[in-house]
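Read the structure below first, then the notes.
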Amino acid sequence: MFKFFKDKLKDAISKFSKKAEEDSEEQVIEEIEEVVEEKVKKEAKKPEPIKEKIKPKVEEVIEKKKVEDLMPKKKSFFESITEKVITKKINEEQFDELFWELELVLMENNVASEVVEKIKQDLKMDLVDQPIKRVDISETIKESLKRSVEDVLSFGKIDLVKRIKESERPFTIIFFGINGSGKTTAIAKIAYKLSKSKLRCLLVAADTFRAAAIQQLEEHGRNLGLKVIKHDYGADPAAVAFDGVKSAKARGYDVVLIDTAGRQHSNENLLEEMKKIVKVVKPNMKIFVGESITGNDCIEQIKKFNSAIDIDAIILSKADVDEKGGAALSISFVSGKPVLYFGTGQGYEDLKEFDKDYVIKNLGL
């Protein structure tokens, strides 16, 4: 997971650190020369004749001592030289030049521009004009990047099972996404997970635009031993969804999982239909299912869906084959919505709960 991104990120951090160290060598020599020159000038000055002064009062001496103690001590010549050698500072111009390669890596791996800019500002705050020990440059950059990524991924966490058990029944979830995003498979995985937690699930086939979609959900229902509510091909999706909720109430189901037709985020008519289903059903949760491997396309999709119906949470399918990871890193930050699960395979059990530490580890940070 995210192997390509991980390798590229590691290489970029290494180059960033190496370049920062190289850029500092000339700067260090110049700074040391300045310190030496200043010392030579001071020693070349002739001492002024000391005029005899009246001995100050004891109280004045004590007061002067107090003031001197409060003033910062002047560094010795050796201390000044040592500080120049073992520490460095990156100015803003150097930082912008150094960050460029890291920025390219982030963009190449489908990280959203909003996230790239945030990471840049975070690193700039941590690194620009800050004294950094030369032996720690690489680790300092890596730790700064890690803190920024942790912040990007900090968008709350939803315990779905707990939320359902604490809510009135039936708890209704509608799943949305574009064609081929793995939405129906994600529903089956959620149903499997909830059934393992002793929650009775009812599946509803409200994707009436494709006969194959109804058949696919029915097949999952048979495999999992779950009932499926369906209408004929071409029926009103909102009516199917409404009947599903009505049936769940009558038969004492805990959860209703409603499948909907995949729709392109640019198709306004289908987006309006999506709004109609939400208005009729009034679900407890609206989940967007997007393909992790589609990168920035996935980001644009969630923006459009979220604008239309205010998505509550996200499932990223096919995360196990996502070599880049930009969508996983960006989608919550851009949408303001938490990722519930990663789809990590074809089996019903292949649903991994979102964990920011897991993402950070897979990025090699």
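In my numbering, the protein residues as written are 518 to 882. C-beta atoms are modelled at their ideal positions from N, C-alpha and C, and glycine is treated no differently.
Can you tell me whether residue i is buried or exposed? The criterion is at least 16 other CB atoms within 10 Å of its CB, across all chains shown.
i: L951; result: No statement about residue 951 is possible, as the shown extent of the chain runs from 518 to 882 and does not include it.
i: V838; result: exposed
i: F522; result: buried
i: N740; result: exposed
i: N626; result: buried
i: K715; result: exposed
i: D771; result: buried
i: I769; result: It is worth fixing the name first, because residue 769 is Gly in this sequence and not Ile. Exposed, by the Cβ-count rule.
i: Q818; result: buried
i: S665; result: buried
i: A758; result: buried
i: S852; result: buried
i: P648; result: exposed
i: M642; result: exposed
i: G738; result: buried
i: K878; result: exposed
i: K900; result: No information on residue 900 is available, as it lies outside the stretch 518 to 882 that the chain covers here.
i: K713; result: exposed
Excluding five sequence neighbours on each side, which residues of the same chain lie with their C-beta closer than 7 Å to the C-beta of residue i?
i: S698; result: G779, V806, G807, E808, S834
i: V669; result: V632, K635, L846, F850
i: K869; result: Y858, F859, T861
i: I881; result: Reading off the sequence shown, one finds Gly at residue 881, where the question assumed Ile. Closer than 7 Å at Cβ, skipping near neighbours: K523, L526, K527.
i: L677; result: L857
Name the DSSP bridge partner or partners of residue i?
i: E634; result: DSSP, once it has assigned bridges, lists no residue as partnering E634.
i: A722; result: K747, D776
i: M802; result: I690
i: F859; result: L833, K869
i: G807; result: L833
Counting only the same chain and skipping the five closest in sequence on each side, list residues whose C-beta sits under 6 Å from that of residue i.
i: D829; result: M802, K803
i: L788; result: A825
i: K823; result: The sequence shown places Asn at residue 823, not Lys. So the qualifying residues of the chain are S852.
i: A728; result: Y750
i: L516; result: Absent from the model: residue 516. The displayed extent of the chain is 518 to 882, so no value can be given.
i: K525; result: V622
Considering only the alpha carbon of each residue, which of the options lies closest to residue i?
i: F533; options: S849, L615, A730, E609; result: L615
i: I658; options: V721, K674, K535; result: K535
i: K520; options: K841, S665, G694; result: K841
i: F883; options: S630, V628, K637; result: Only positions 518 to 882 of the chain appear in the structure, and residue 883 is not among them; the question remains open.
i: V795; options: F871, K869, H748, V762; result: V762
i: C815; options: K525, V645, I695, I607; result: I695
i: I691; options: K873, I831, K527; result: I831
i: E667; options: V721, S655, L640; result: L640
i: F726; options: K706, D760, T777; result: T777
i: L743; options: E785, I707, D760, F693; result: I707
i: V797; options: T689, L677, I530; result: T689
i: W617; options: V773, I530, R717, A705; result: I530
i: A844; options: D867, Y865, D528, T811; result: T811
i: A767; options: H748, L719, H737, Q733; result: L719
i: P754; options: E656, I731, L619; result: I731
i: A752; options: L526, K679, A723, E683; result: A723
i: D646; options: A728, E610, K679; result: E610
i: A703; options: I607, G864, I681; result: G864
i: P687; options: G881, L882, D760, V876; result: D760
i: I848; options: L734, S661, V628, K606; result: V628
i: I775; options: Q733, D827, T701; result: T701
In chain order, what residues of the same chain have a beta carbon less than 8 Å from the beta carbon of residue i, not counting five sequence neighbours either side?
i: M624; result: S630, V633
i: F871; result: K674, P855, V856, L857, Y858, F859
i: G862; result: D837
i: D867; result: K706, D837, G860, T861
i: D749; result: T725
i: I746; result: L719, L720, V721, A722, V757, D760, G761, S764
Please decide whether residue i counts as near chain C, where near means a Cβ-Cβ distance under 9 Å.
i: L662; result: Protein chains in the displayed structure number just one, and chain C is not present.
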